[in-house]
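Asks: Can you read through this structure? Questions will come right after.
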Ligand code: J2J
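Residue numbers (the numbering used here): 125 to 666.
In structure tokens form, the structure reads like this:
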């Protein structure tokens, strides 16, 4: 069993098993079972029109698992996976599970700073990449990673491997492999983060299979579902809610879009008769506009899931008339808890709420700053525990003591209100994080990077309102002598290996920060300051 993660207390685990939430099914089996049921159905289609049946995909995963084992990868080994939306991701994901290894999922946008940290914390022994993606050579990053984290023995490359190992060469006759313990960790997901460094989220076979299965039920996925992966495959939403895993479990067809652009996505929706997909609000807004001028036939689309950040009521109301499909709001988190609007919920709930908890076993509390429950219907911080919500981040005991209550509730950092129907309305957050159109940025992590700049004496990162993204990042700087301008700061952070989506959208220089009564930087005041400023300039939302 993997160490460094926090299992559920045994009585609770027993209850989840007894009540049927946990079925004792290893995660990779969802592909095997569908392949046995319907080997000749199409499981996967890529943007170029390449297609794989269930039997083919299942066999490819078996062959790659054998290749991985031959290389010495298996039995609890962690493998950092950074692959774009291609068949290589899907095959490698199942191959790693079958080889007994643990995929550590990162986004294609991550760079040296994030990848080195993730490889270090996870103790990874391999790193899987594309050769080139979005104009970036991941092999260069791999070389830097191998220097920084010598424990990373293997680099597995989709495409031209240079001095590394080509994924295509991990091909061997299938060998019998031991089944995973369903109670053990299956995958490590990356958290949005509120601290100096991103945290890893352990998801077990039992909990993730339940996450996928229950999501697929709520969304009505079946063998006729054609699901378009628009967000990165490594995103919990696109992977498992119900996402590509839910589609494969149901025996449907997964279609991979290389980008979320209306050009790419709409063409695939038309070509493959896509029935369901999931996007973040800025993409939903883009699509709502694009239907006006894009000619593509979207009539097959019956479900659009939107989540990751809050979707305004106004665009929410436009989805059904403009796209001709049902809207589903999803308030989820890689840590576990998922809230969905149900497909038969009345319009006011679909438009005006972020859904209700997926599972009857989800336990929710809404508390004030003293951790006391607020009266029903009032706003407070959401705490939760349940059969698919983590009990602790991986190898992070100190952080865990703050991020969880002593009785195991995860502090989401989200401010919510619960309606009598059980639906939640997200009203803000209590965590030091910026939600940039669904991309999460830990203020502390970014501030630490900015503080390394010689011209910066102090830094405070806050969100600023933005009509399409919800919010963007504003870095307030107290200069040492000469503060860097935005461009210069961006170049400095890029050089440090910070992912592009974390680069500050705006830099403001001040002589000193406003402070709270206890001497902390008053970020609320800074947030108001920049919002006022944007209003005065005639830009920004609300
Ligand atoms: C407001 N805030 C939201 C929403 C997430 C499905 C959907 C989303 C994620 C995700 C996910 C929100 N309205 N509808 O993993 O499976 C904010 C909250 C939450 C945080 C989690 C999924 N949906 N959020 O976004 O791990 O602040 O997961 O705590 O990236 O996003 O971020 P993440």
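Heads up, the beta-carbon is just placed ideally off N, CA and C, and yes, glycines get one too.
State buried or exposed for residue 238, treating a residue as buried only when at least 16 other CB atoms are found within 10 Å of its CB.
Replies: Stepping through the chain shown from its first residue, residue 238 is reached at position 114. Flag for residue 238 reads buried.
Asks: Let me check one thing: in DSSP terms, what residues is residue 585 bridge-paired to?
Replies: Working through the chain shown from its first residue, we reach residue 585 at position 461. Its beta-bridge partners are 599.
Asks: Cα separation between residue 392 and residue 379?
Replies: Here residue 392 is taken as the residue at index 268 of the chain shown, counted from 1. Here residue 379 is taken as the residue at index 255 of the chain shown, counted from 1. Using only the alpha carbons, I get a separation of about 8 Å.
Asks: Only counting the same chain, and skipping five residues up and downstream in sequence, which positions put a Cβ closer than 6 Å to that of residue 606?
Replies: For the purposes of this step, residue 606 is taken as the residue at position 482 of the chain shown. Around residue 606: 579.
Asks: Give the range of the alpha helix (DSSP H) segment to which residue 523 is assigned.
Replies: In the chain shown, counting from the first residue as 1, residue 523 sits at position 399. Where residue 523 is concerned, the enclosing alpha helix (DSSP H) stretches over 521–527.
Asks: With a 10 Å radius around its C-beta and 16 neighbouring C-beta atoms as the bar for buried, classify residue 666 as buried or exposed.
Replies: As a first step, residue 666 is located in the chain shown; it is residue number 542 there, counting from the start. With a pLDDT of 48 at residue 666, under the threshold of 50, the modelled position of this residue cannot be trusted, and the question is left open.
Asks: Rank 588, 455, 522, 227 by C-alpha distance to the C-alpha of residue 321 and give the top, closest one.
Replies: Along the chain shown, read from residue 1 onward, the residue named residue 321 stands at position 197. Checked all of 588, 455, 522, 227; the closest Cα to residue 321 is 522.
Asks: Put residue 332 into one of helix, strand or coil per three-state DSSP.
Replies: Position 208 of the chain shown, counted from the start, is the residue given in the question as residue 332. It is helical.
Asks: Using the three-state DSSP reduction, which class does residue 564 fall into: helix, strand or coil?
Replies: For this step, residue 564 is matched to residue 440 along the chain shown. Strand, per DSSP.
Asks: Roughly how many angstroms separate the alpha carbons of residue 251 and residue 432, rounded to a whole number?
Replies: Residue mapping note: residue 251 aligns to position 127 of the chain shown, counting from 1. Residue mapping note: residue 432 aligns to position 308 of the chain shown, counting from 1. Approximately 27 Å, taken between the alpha carbons.
Asks: Please confirm whether any heavy atom of the ligand J2J lies closer than 7 Å to the CB of residue 598.
Replies: In the chain shown, the residue the question calls residue 598 occupies position 474. Flag unset: Cβ of residue 598 not near the ligand J2J.
Asks: If you measure from the CB of residue 206, is any heavy atom of the ligand J2J nearer than 7 Å?
Replies: As a working mapping, residue 206 is identified with position 82 in the chain shown. No, since every heavy atom of the ligand J2J falls outside the 7 Å radius drawn around the Cβ of residue 206.
Asks: Mind pulling the alpha helix (DSSP H) runs of 4 or more residues that sit fully within the region 400–468?
Replies: As far as the region 400–468 is concerned, its whole alpha helix (DSSP H) runs of at least 4 residues are 405–414, 437–447.
Asks: What do you reckon, are the CB atoms on residue 155 and residue 190 nearer than 8 Å?
Replies: Mapped onto the chain shown, residue 155 falls at position 31. Mapped onto the chain shown, residue 190 falls at position 66. No. Outside cutoff.
Asks: Using CA atoms only, rank isn't needed, just tell me which of 440, 581, 500, 530 is closest to residue 471.
Replies: Against the chain shown, residue 471 aligns to sequence position 347. Looking at the Cα atoms, 440 is the closest of the given residues.
Asks: Quick one: Cα of residue 620 to Cα of residue 573, how far?
Replies: As a first step, residue 620 is located in the chain shown; it is residue number 496 there, counting from the start. As a first step, residue 573 is located in the chain shown; it is residue number 449 there, counting from the start. The straight-line gap from Cα to Cα measures roughly 8 Å.
Asks: With three or more C-beta pairs closer than 8 Å as the rule, is the region 459–466 touching the region 476–492?
Replies: yes
Asks: Quick check: is any heavy atom of the ligand J2J less than 7 Å from the C-beta of residue 543?
Replies: Residue 543 sits at position 419 when you count from the first residue of the chain shown. Because no heavy atom of the ligand J2J lies under 7 Å away, the Cβ of residue 543 does not count as near it: no.
Asks: Let's test the definition: count the other Cβ atoms within 10 Å of the Cβ of residue 545 and tell me whether it reaches 16, buried, or not, exposed.
Replies: The residue you call residue 545 lines up with position 421 of the chain shown. Exposed, because fewer than 16 other Cβ atoms sit within 10 Å of the Cβ of residue 545.
Asks: Report, in whole angstroms, the separation of the C-beta atoms of residue 209 and residue 353, which I expect to be a contact under 8 Å.
Replies: Here residue 209 corresponds to residue number 85 of the chain shown, with the count starting at 1. Here residue 353 corresponds to residue number 229 of the chain shown, with the count starting at 1. So it is a contact: roughly 5 Å between Cβ atoms.
Asks: For residue 626 and residue 160, what's the separation of their Cα atoms in angstroms?
Replies: Residue mapping note: residue 626 aligns to position 502 of the chain shown, counting from 1. Residue mapping note: residue 160 aligns to position 36 of the chain shown, counting from 1. Computed Cα separation, rounded: 44 Å.
Asks: With 16 other CB atoms within 10 Å as the buried threshold, where does residue 164 fall?
Replies: Counting from one through the chain shown, the residue named residue 164 turns up at place 40. That one is exposed.
Asks: Can you list, in chain order, the residues of its chain whose CB lies under 7 Å from that of residue 435, leaving out five sequence neighbours each side?
Replies: Here residue 435 corresponds to residue number 311 of the chain shown, with the count starting at 1. The residues are 405, 408, 453.
Asks: Based on the DSSP secondary-structure assignment, which residues constitute the bridge partners of residue 176?
Replies: Start at 1 with the first residue of the chain shown, and residue 176 comes out as number 52. According to DSSP, which records beta bridges pairwise, residue 176 is partnered with 168.
Asks: Using the C-alpha atoms, what's the distance from residue 318 back to residue 569?
Replies: As a working mapping, residue 569 is identified with position 445 in the chain shown. As a working mapping, residue 318 is identified with position 194 in the chain shown. Approximately 8 Å, taken between the alpha carbons.
Asks: Applying the 10 Å Cβ sphere with the 16-neighbour rule, what's the burial state of residue 652?
Replies: Taking the chain shown and counting its residues from 1, one reaches residue 652 at position 528. Of the other Cβ atoms in all chains shown, fewer than 16 fall within 10 Å of the Cβ of residue 652; this residue is therefore exposed.
Asks: Going by beta-carbon coordinates alone, are residue 623 and residue 233 separated by less than 8 Å?
Replies: Numbered from 1 along the chain shown, position 499 holds the residue referred to as residue 623. Numbered from 1 along the chain shown, position 109 holds the residue referred to as residue 233. Taking 8 Å as the Cβ cut-off, residue 623 and residue 233 qualify as a contacting pair.
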